[in-house]
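J.:
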Amino acid sequence: QLSPLDEAEAFAPSNIALCKYWGKRDAELNLPINNSLSVSLGHLGTRTRLQRSPDGRDRVWLNGIEQDSSGDFAAKLLAFIELFRAGRVLPVHVHTENNIPTAAGLASSASGFAALTLALDKWLQLALEPTVLSAFARLGSGSACRSLFDGFVEWQDGIHDDGMDSHGVPLEARWPGLQIGLVKVATGEKAVGSRAGMQRTLETAHLYQSWPLQAAADLEKLHRAIETRDFALLGQTAEQNALSMHATMIASWPPLLYWQPESVAAMQRVWQLREQGLALYFTMDAGPNLKLLFEARDRAAVEQAFAGLEVVAPFGD
Ligand code: PMV
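The number in my numbering is simply the position in the sequence shown, starting from 1, with 546 added.
1. According to DSSP, which residues form a beta bridge with Gln597?
2. Is the region 844-851 in contact with the region 764-780, if contact means three or more CB pairs nearer than 8 angstroms?
3. Going straight from the alpha carbon of Asp831 to that of Leu724, what length do you get?
4. Relative to ligand 1, is the shortest distance from any of its heavy atoms to the C-beta of Ser584 smaller than 8 angstroms?
5. Whole angstroms is fine: what's the gap from Arg815's alpha carbon to Phe852's?
6. Report back the beta-carbon spacing between Phe626 and Gly727 to the nearest angstrom; my notes put them in contact at under 8 angstroms.
7. Would you kindly check if the distance between the Cβ of Ala683 and the Cβ of Ala660 is under 9 angstroms?
8. What did DSSP end up calling Gly588 once you bin it into helix, strand or coil?
9. Hey, how far is the Cα of Gln597 from the Cα of Leu674?
10. I want to check one thing, is the minimum distance from the CB of Tyr754 to the heavy atoms of ligand 1 below 8 angstroms?
11. Quickly, what does DSSP pair Met830 with across the bridge? List them, please.
12. With DSSP collapsed to three states, give me the class of Asp707.
13. For Gly704, verify whether its CB is less than 8 angstroms away from any heavy atom of ligand 1.
And the structure:
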């Protein structure tokens with residue numbers, strides 16, 4: 547029995563993984579092969595408003611622009627909404643706003659599906675548990691299950707086939723002063739999305755066999771780093787984890803190299819600055835952009851080295 551409100555609205559933050567999710571054990575349910583750990587980006591993310599449709603049609607807007615209902619974006623959203631409507635006739639208008647600076651080259655699918663899940667829960671007055679909502683958001687996009695929570699979040703892979711135990715779990719620890727800098731290399735649509743990329747890596751890269759071990763070891767180090775506020779350990783672990791993931795991508799066939807020359811130049815700049823004593827590290831996802839990790843006391847130095855850097859402080863300055 548669903549009783550939709552006239553309107554409901556929710557916000558969810560974007561997130562950046564320090565230990566990456568790469569590889570599915572169940573492609574349908576987005577069940578991961580390894581646990582991952584992320585930090586949510588505070589006020590940067592997606593706001594979604596659902597409105598009981600006044601015209602009897604499903605319609606979707608993104609940043610104020612109506613989307614073609616048979617296009618990729620609207621189709622994915624409506625398929626997800628269908629999981630909740632389950633065949634009942636409840637036409638809806640979906641208004642999605644991303645405040646992630648488009649220039650930052652950050653994916654918005656994680657915050658998008660998390661915000662949509664929260665908005666659906668409110669709109670249909672379901673009052674589901676946050677971990678259940680997280681497991682639902684995972685069906686839209688794996689990393690979305692981590693965007694249900696603020697701060698550090700671990701996505702636990704779970705053991706059940708139905709995936710209801712595969713969801714985000716927020717950590718209690720906070721880290722005021724932790725900063726993330728978004729280095730934009732390119733913002734266009736990527737050639738190979740994460741779903742296809744993961745599948746290719748899994749099927750063709752022997753190197754992938756070592757990935758679950760790397761991820762498990764890194765996860766443990768990250769927990770230790772967060773508990774003891776050991777920034778060097780956090781940064782090193784996140785950077786090595788990202789490069790290990792990219793190594794498995796590069797070892798795929800056809801090769802999957804998300805880097806641009808400017809990505810490598812930025813990596814080398816980070817290594818050079820670190821050589822000079824700056825506590826600066828990076829992580830990267832399935833794209834050419836870098837996300838820098840540093841602490842508040844080094845912000846001025848980092849901003850000087852990377853012109854036009856967008857800086858986020860997930861726990862405040
Ligand atoms: O949630 P997806 O299917 O977009 O996959 C995200 C994959 C990475 O961004 C590369 C890693 C991660 O954990 O966010």
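The beta carbon of each residue, even a glycine, is placed where N, CA and C say it ideally should be.
T.: So, from the data block:
1. Answer is Glu553 and His639.
2. Output reads no: the region 764-780 does not touch the region 844-851.
3. In this structure, the alpha-carbon of Asp831 lies about 19 angstroms from that of Leu724.
4. Checking every heavy atom of ligand 1 against the Cβ of Ser584, one is found closer than 8 angstroms.
5. Distance between the alpha carbons of Arg815 and Phe852 is about 9 angstroms.
6. Their Cβ separation, rounded to whole angstroms, is 32 angstroms, which puts Phe626 and Gly727 out of contact at 8 angstroms.
7. In this structure, Ala660 sits near Ala683, with a CB-CB distance shorter than 9 angstroms.
8. Of the three classes helix, strand and coil, the one that applies to Gly588 here is strand, per DSSP.
9. Distance between the alpha carbons of Gln597 and Leu674: 20 angstroms.
10. No, the beta carbon of Tyr754 sits no closer than 8 angstroms to any heavy atom of ligand 1.
11. As computed with DSSP, Met830 is found in a beta bridge with Leu836.
12. Correct three-state label for Asp707: coil.
13. Incorrect: Gly704 has no Cβ contact closer than 8 angstroms to ligand 1.
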